[in-house]
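Numbering (UniProt numbering), first residue to last: 1 to 731. Have a look at the structure below, then the notes.
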């Protein structure tokens, strides 16, 4: 590689995204006091650019504008330029994205915002092409116009930025109105279900025509809706919608049929042509959703998809110290000699390549059939490529094929005169060969940043899969990752979580000079993970840590006046707004998950003030939940859990005893959205017995493992029959 001509301050950062820009001719600063002071001292505007390392359009804008010497000179002359990795600093991203969405009606990344020296936004957008076009003003023009405005109309800009900030403060406030209480569960659940039905795609599943996102929050809501309406036609409909969506996604091109795992989203209605980046938060949530689909349906198809996702994460997104990396990029070099990266290059195939790799004749099939014929038929491969040109605006996928399971295995088998079992073995052989061939290609960039929140989501995925599929290896992997968090992303002196750490040289784990403190989402997803891990492993240490973190979350983020949690702490003066997220997106909004966490925490600790806090969150979001619940499906689900009261399922017995294991297997095999599981092992000095004195009164019956179903610490008669326990667990 040639010696870089430029190096800026980002070279000292740890974030892979910031390091990608360390050799731009732009004099980039990281978000921090040095940049703020420079803007004030020199009375310069700030240009803030926010993105992330696997963002396709961020790469495009860098290539076109930030690598341009001429544009770099304009930026350096007129602005203090700040680069932010939105995954490191979701707080900064959220404040300015709120502004961009409010003023332009849209948002996305890269996000480009112009700020006054005191950090108030007054102009912004997303991607800008470098030069003026027919429909868009170019980045160079925008830079020069804004610089001119600052010179000529400084006072007007300052006044305008102050007005904008006041308006944002007013419109983004979420607080309890008067004496509001949590909204009624039935109405909110029914409205949310009806709204999802209206956007549901009958043919291909999912909740829009295109683009199509996995939206695990919608699926999680539908599973809970089914559980509470099992005998009604609406319940059956909810389950069909969720299972059909999961099946169509698993068959589609959004699922990597060779390298496992799921891409970010589909650009078309059929789940065929994806944006190829792979995000940790998708893998974690989808592993949990496919586990629930298996738990409910018993269909091994879903269990196989769970194993597929966890294989990908274990192999490609795992740090040897136990943490999980953030993402893999969409773009890569097609060959080792290519000069230019292309989206999807690592994952796509020409028909010619596949024929060359799979030439073997197939025994027992129609005469002349090769492995290639069977594989290409099953995965919709076409000689001229199978990507609609309308979905390939840059012609990056011309002549290429994105694998999509076009027909059921039985039909493919029948087409070539094969037995279904034989077909499965043949496809597996093909996949192994193609995997080996793909391993010779240049890999996409790997973002080796490790985030507490996303690691939490992935720990939940492994823990839930381990419990549901009875795979101890998955539970052990979840425990290894939780131990990693405790070592690298937790400060025992302050008792607080940290946001991020990084893979360093020689595979060490590094922390930035000034560690970023954890945000609300870090606490919420880690606490959820620790509860899931306790239920899968029965190790009480995870429970103890979860309750400690819940107390810390209350202290740092709770809004005692308006109720619910702020996304950020109060202590950062550079943040103009303290916000509460009000929409579930690729991940559920933290307050949504916090409701269920608080209810679980109360069940494990006896602290009923946590139930009161859950009630206050639902009250603060009451208006939104009643009007447009589809924006908060995870909180709607939590509303139902709140009103139905969690069942404490207590198994009294030796955790290693076969009778106890049988009961645990029964509890873990039944989908019940309103239960918490605990084992009373008779050790009165243990953490659970100290938290919950009522456990001491529960006994084994006739010396056998015995189950009790408790509600608000009042317990049912003892149950020793697994069949009876299964009946009592159904919602």
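Quick reminder that beta carbons are idealized off the backbone N, C-alpha and C, glycines included. Please read these numbers as outputs of a predicted model, since none were measured by experiment.
- Remark: fewer than three beta-carbon pairs, one from each stretch, lie closer than 8 Å, so the stretch 199-207 and the stretch 649-663 are not flagged as touching.
- Restricting attention to 378, 227 and 449, the CA atom closest to the CA of residue 670 is found in 227.
- Collapsing the DSSP output to three states places residue 320 in coil.
- At a Cβ-Cβ threshold of 7 Å, residue 391 and residue 268 count as neighbours.
- Within the same chain, and ignoring the five residues on either side of residue 291 in sequence, the residues whose Cβ sits closer than 6 Å to its Cβ are 306, 464, 465 and 468.
- When Cβ pairs closer than 8 Å are counted between the two stretches, the stretch 167-175 is seen not to touch the stretch 233-247, the count staying below three.
- In this structure the stretch 11-24 touches the stretch 67-87; the number of beta carbon pairs closer than 8 Å is three or more.
- Excluding its 5 nearest sequence neighbours in each direction, residue 199 has C-beta neighbours in its own chain below 7 Å: 207 and 208, listed in chain order.
- Annotation: residue 552 to residue 586 spans about 26 Å, alpha carbon to alpha carbon.
- With fewer than 16 neighbouring CB atoms inside 10 Å of its own CB, residue 57 falls in the exposed class.
- The Cβ atoms of residue 343 and residue 327 lie no closer than 7 Å to each other.
- For residue 524, the enclosing alpha helix (DSSP H) has its first and last residue at 520-537.
- Where residue 501 is concerned, the enclosing beta strand (DSSP E) starts and stops at 500-503.
- In this structure, the beta-carbon distance from residue 497 to residue 523 falls below 7 Å.
- Residue 21 sits away from residue 69, with the two beta carbons spaced by 7 Å or more.
- By the criterion of a C-beta distance shorter than 7 Å, residue 640 is surrounded in its chain by 185, 189, 224 and 228, once the five residues flanking it on both sides are discounted.
- The bridge partners DSSP lists for residue 255 are 262.
- In this model, residue 9 and residue 34 are separated by some 11 Å (Cα to Cα).
- Looking at 136, 163, 74 and 128, the one whose alpha-carbon comes closest to that of residue 116 is 163.
- Excluding its 5 nearest sequence neighbours in each direction, residue 245 has C-beta neighbours in its own chain below 6 Å: 205 and 206, listed in chain order.
- Distances from the alpha-carbon of residue 192 to those of 635, 661 and 663 put 635 closest.
- About 7 Å separates the beta carbon of residue 182 from that of residue 622, a gap short enough to meet the 8 Å contact definition.
- Annotation for residue 164: the continuous alpha helix (DSSP H) segment containing it runs 154-171.
- For residue 47, the enclosing beta strand (DSSP E) stretches over residues 45-51.
- Counting only the Cα atoms, residue 322 lies some 15 Å from residue 311.
- Residue 648: member of the beta strand (DSSP E) spanning 647-652, first to last residue.
- Residue 30 is a Cβ neighbour of residue 13, given a cutoff of 7 Å.
- With a contact defined as Cβ atoms closer than 8 Å, residue 403 and residue 253 qualify at about 6 Å.
- Counting the other CB atoms within 10 Å of its CB gives residue 386 a total of 16 or more, which places it among the buried residues.
- Contact between residue 424 and residue 409 holds, since their C-beta atoms are separated by about 7 Å, short of 8 Å.
- For the stretch 451-503, the continuous beta strand (DSSP E) assignments of 3+ residues that do not extend past its boundaries occur at 500-503, in sequence order.
- Counting along the chain, residue 115 sits inside the beta strand (DSSP E) bounded by residues 111-115.
- DSSP places residue 627 in the uninterrupted alpha helix (DSSP H) bounded by 622-627.
- Cα atoms of residue 366 and residue 379: separation of roughly 19 Å, rounded to the nearest angstrom.
- Within a 10 Å sphere around the beta-carbon of residue 457 sit 16 or more other beta-carbons, which makes this residue buried.
- Residue 140 and residue 217 have their alpha carbons spaced roughly 40 Å apart.
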